[in-house]
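Report on the structure given below.
Encoded structure:
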């Protein structure tokens, strides 16, 4: 694989790397705690790190459209679940653990729903 010729794509890849490092560091700090609240936020940042590192590959390297499209599939799964878990974490902080636990399966389903929408209607 070759480095992407577009300077815009290379800068996007670089910012994705920085975001991934920061998100991975935050996840590592939060995984040290065993309670539900910290685990939700840890997984939120973990999924964001995964999406960021994969995004760096998608933006940073020249590849076929088919390969790039396939690479975006796990990125979209990770981004959908990141958003869903972010909502669960925010609900925990605003309304408490019971509301967050009730919302968790719904938000995970919506995260996967986002992924399905990106497959059915790409772009």
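In our numbering, the protein residues as written are 113 to 235. Ideal Cβ positions, reconstructed from N, Cα and C, are used throughout, including at glycine.
Pull up the distance between the alpha-carbon of residue i and that of residue j, whole angstroms please.
{"i": "residue 124", "j": "residue 216", "result": "31 Å"}
{"i": "residue 134", "j": "residue 127", "result": "11 Å"}
{"i": "residue 232", "j": "residue 115", "result": "30 Å"}
{"i": "residue 183", "j": "residue 120", "result": "19 Å"}
{"i": "residue 165", "j": "residue 199", "result": "22 Å"}
Candidates the options: which alpha carbon is nearest residue i's?
{"i": "residue 168", "options": "202, 122, 144", "result": "122"}
{"i": "residue 191", "options": "119, 172, 132", "result": "132"}
{"i": "residue 202", "options": "185, 149, 183, 120", "result": "149"}
{"i": "residue 234", "options": "223, 200, 204, 181", "result": "181"}
With a threshold of 16 other CB atoms inside 10 Å of the CB of residue i, please say whether the residue is buried or exposed.
{"i": "residue 194", "result": "buried"}
{"i": "residue 242", "result": "Residue 242 is absent from the model: the chain starts at 113 and stops at 235."}
{"i": "residue 225", "result": "exposed"}
{"i": "residue 211", "result": "exposed"}
Can we count residue i as close to the ligand SAH, meaning its CB is less than 7 Å from some heavy atom?
{"i": "residue 129", "result": "In the structure shown, the ligand SAH is absent, as is every other ligand, since no ligand is present at all."}
Do residue i and residue j have their CB atoms nearer than 8 Å?
{"i": "residue 196", "j": "residue 172", "result": "no"}
Check whether the region 153-173 touches the region 130-140, counting contact only when three or more Cβ pairs, one atom from each stretch, lie closer than 8 Å. Touching, per the Cβ criterion.
State whether the region 212-228 contacts the region 170-177, with contact taken as three or more CB pairs (one from each stretch) at a distance under 8 Å. no
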